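In my numbering, the protein residues as written are 59 to 112.
Just so you know, even glycine gets a beta-carbon here, dropped at the ideal spot from N, CA and C.
Note that the structure is predicted; figures quoted are calculated from it, not measured.
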């Protein structure tokens, strides 16, 4: 998933608009957004796939 696809998925899932990344590091991305006319900060933490246990 690209960053653009991730931002679109987060906007859709949380009902946000104008999601704009402002920083990233490690496994997280921080962004600003509009949430029903109110400014919001969003922190997205990417979780790596976990190998199946047997």
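Rounded separation between residue i and residue j - CA only
{"i": "residue 88", "j": "residue 68", "result": "12 Å"}
{"i": "residue 94", "j": "residue 74", "result": "7 Å"}
{"i": "residue 105", "j": "residue 96", "result": "28 Å"}
Limits of the alpha helix (DSSP H) - the one that residue i falls within
{"i": "residue 88", "result": "Where residue 88 is concerned, there is no enclosing alpha helix (DSSP H), although the beta strand (DSSP E) it sits in stretches over 86 to 93."}
{"i": "residue 62", "result": "61 to 72"}
Residue i - partner residues in DSSP beta bridges
{"i": "residue 98", "result": "91"}
{"i": "residue 103", "result": "86"}
Rounded distance between the beta-carbons of residue j and residue i, thought under 8 Å
{"i": "residue 100", "j": "residue 77", "result": "7 Å"}
Boundaries of the beta strand (DSSP E) in which residue i is found, first to last residue
{"i": "residue 77", "result": "75 to 83"}
Contacting residues, own chain, Cβ-Cβ under 7 Å from residue i (five flanking each side not counted)
{"i": "residue 103", "result": "85 and 86"}
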